[in-house]
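Count along the sequence shown from 1, add 34, and you get the number used in this note's numbering.
Note that the Cβ used here is the ideal one computed from N, Cα and C, for glycine as well.
Remember, predicted model here, so these are calculated numbers, not experimental data.
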Amino acid sequence: MNVDAKNKSDIPSIVQAAIAQHGTTPEALVPLLSEVNEKLGYLPTAALTEISRALRLPGSQLMAVASFYRMLSIKPRGRHVIQFCESAPCHVMGGRLVRRVLQEELGLEPGETSADGQWTLLAVSCPGICGVGPVLMIDENIYGNITPRRIREILREYEVGSKE
Ligand code: FES
C-alpha cells in the first residue's frame, strides 16, 4: 500500500502505533522504519521527522539507515515491487537475460518506478534460493526457473489484476 492511496493524515497515527509497538530506544530504529515503510509503502519525510524526534536521533542517521536497507525506501514505490536476483549463480543460469527482458517489458532501469505507479524494479543480491535460479520476486511471491516467456506471463497476471 502506497501512502498516496491513503490519507496523508494517517502518517502520525501509523508512526505512533509503530512507536508503541517497538519503543524509542536506538535499537528500535530499524524495526520502526520497517514497520512504517510496510504500512505506508515508503518513508515519507513527515514520518522520518516524527521518528527522528521520538528517538532523539539526527535525521541524517535515519537517512543513512533508510538508504542502507533495500527493504526501505524514501521514495514512493509502485503498487507491485519486482526484485530480480543479480548474484552470480542466477546470472550464469540466465539472470542477465531476465534483467534485459524485465527492463524491456517495464521500460524501467533497476531502482525506478513506472510513471503510472504500477511497478518498481529492483536488483537484489542472492535471497538464498539459488537452486531454482534465475529468480525473481513480485511483492511476497517468489518465482524460480524464470524464462523470458514466463516473465511475460507473470507480468500479464498482475496487469489484469488477478494478483493483488
Ligand atoms: S544467486 Fe540468485 S537466488 Fe542465489
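*So what does DSSP say about TYR76, is it helix, strand or coil?*
Translated into positions along the sequence shown, residue 76 becomes position 42. Residue state, collapsed to three classes: coil.
*DSSP state of CYS160, grouped into three classes?*
Taking the sequence shown and counting its residues from 1, one reaches residue 160 at position 126. Note: CYS160 maps to coil in three-state DSSP.
*Rounded to whole angstroms, what's the CA-CA distance from LEU89 to ALA54? Just pull it up for me.*
Counting from one through the sequence shown, the residue named residue 89 turns up at place 55. Counting from one through the sequence shown, the residue named residue 54 turns up at place 20. So the two alpha carbons sit approximately 12 Å from each other.
*Beta-carbon contacts of ALA39 that lie in its chain and below 7 Å, excluding the five residues immediately before and after*: The residue labelled residue 39 in the question sits at position 5 within the sequence shown. At ALA39 the pLDDT is 43, less than 50, meaning the model places this residue with poor confidence; the figure from the coordinates comes in the next sentence. The beta carbon of ALA39 lies closer than 7 Å to none in the same chain, with the five residues before and after it left out.
*Note down the Cα distance separating ARG131 from LEU77, rounded to an integer number of angstroms.*
Within the sequence shown, the letter at position 97 stands for residue 131. Within the sequence shown, the letter at position 43 stands for residue 77. First, the amino acid is wrong: residue 131 is Leu here, not Arg. Distance between the alpha carbons of LEU131 and LEU77 is about 32 Å.
_Checking the sheet assignment: what are the DSSP bridge partners for VAL115?_
Working through the sequence shown from its first residue, we reach residue 115 at position 81. Bridge partners of VAL115: THR154.
*Specify, as a first and last residue, the run of the alpha helix (DSSP H) that LEU170 falls within.*
The residue you call residue 170 lines up with position 136 of the sequence shown. Segment 170-172 is the beta strand (DSSP E) holding LEU170; no alpha helix (DSSP H) there.
_Buried or exposed (CB count within 10 angstroms, at least 16 for buried), VAL37_ = Taking the first residue of the sequence shown as 1, we reach residue 37 at position 3. With a pLDDT of 44 at VAL37, under the threshold of 50, the modelled position of that residue is not reliable, and no figure is offered here.
*Could you have a look at ASN175 and say whether DSSP puts it in helix, strand or coil?*
As a working note, residue 175 is residue 141 in the sequence shown. In the structure shown, ASN175 sits in a strand (DSSP, three-state: E or B).
*asked:* So ALA81 and VAL70 are supposed to be a Cβ contact under 8 Å. How far apart are they, rounded?
replied: By one-based count along the sequence shown, residue 81 stands at place 47. By one-based count along the sequence shown, residue 70 stands at place 36. Sure, about 5 Å apart at Cβ, within 8 Å.
_DSSP-derived helix/strand/coil call for THR83_ = Within the sequence shown, the letter at position 49 stands for residue 83. DSSP places THR83 in helix when its eight states are reduced to three.
_Based on DSSP bridge pairs, tell me the residues matched to THR147._
Within the sequence shown, the letter at position 113 stands for residue 147. THR154, per the DSSP bridge assignment.
*Buried/exposed call for PRO92, threshold 16 Cβ in 10 Å*: What you label residue 92 is simply residue 58 of the sequence shown in a count that begins at 1. Exposed: under 16 other Cβ atoms inside 10 Å.
_Distance cut 5 Å, beta-carbon to ligand 1 heavy atom: residue list by chain order_ = CYS119, SER121, PRO123, CYS124, CYS160, ILE163, CYS164, GLY167 and VAL169
*With DSSP collapsed to three states, give me the class of ARG104.*
By 1-based counting over the sequence shown, the position of residue 104 is 70. Note: ARG104 maps to coil in three-state DSSP.
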